[in-house]
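Worksheet: one structure, shown below.
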Amino acid sequence: MAQQIVSLANLKNGSRARVCSIEGGAAVNNRLAALGLRPGKELTKISAMSFKGPVTVKVDGTQLAMGHGMASKVMVEVAGI
Numbered sequence: 121m122a123q124q125i126v127s128l129a130n131l132k133n134g135s136r137a138r139v140c141s142i143e144g145g146a147a148v149n150n151r152l153a154a155l156g157l158r159p160g161k162e163l164t165k166i167s168a169m170s171f172k173g174p175v176t177v178k179v180d181g182t183q184l185a186m187g188h189g190m191a192s193k194v195m196v197e198v199a200g201i
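Under my numbering, the letters of the sequence shown match residues 121 to 201, in that order.
Okay, structure coming up:
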């Protein structure tokens with residue numbers, strides 16, 4: 121099965137994925153790393169509010185919330201985890 125790479129913002133609720141890259145500058149990378157979200161980490165998308173609201177994910181047993189803009193910079197691999 122081919123690997124599918126999408127932004128975290130576009131990942132379907134309830135889906136599991138692995139972070140493959142973060143498409144932002146140092147500030148975005150540092151903020152997400154401080155939350156425990158870095159390339160190679162597995163996560164589950166819990167929810168996203170409509171109209172580009174917050175995105176909630178579960179990483180290492182902890183729920184994290186971030187804005188839609190930040191979630192759109194996190195590229196995840198859907199298949200093959």
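Cβ coordinates follow ideal geometry from the N, Cα and C atoms, glycine included. Computed from a prediction, not measured in an experiment: that's the story for all the values here.
- [ ] Output the distance between the C-alpha atoms of Val195 and Ala137, rounded to the nearest integer angstrom.
- [x] Before going on, a small fix: residue 195 reads as Met here, not Val. Each residue's Cα considered, the two are about 10 Å apart.
Task: Val148 vs Lys178 beta-carbon contact at 8 Å - done: When the beta-carbon positions are compared, Val148 and Lys178 stay at least 8 Å from each other.
TODO: Counting only runs of 4+ residues fully inside the region 128 to 167, write out the alpha helix (DSSP H) ranges in chain order.
DONE: 146 to 154
- [ ] Taking all protein chains shown into account, decide if Lys132 is buried (16 or more other Cβ within 10 angstroms of its Cβ) or exposed.
- [x] With fewer than 16 other beta carbons inside 10 angstroms of its own, Lys132 counts as exposed.
- [ ] For the alpha helix (DSSP H) containing Met190, list its first residue and its last residue.
- [x] His188 to Ala191
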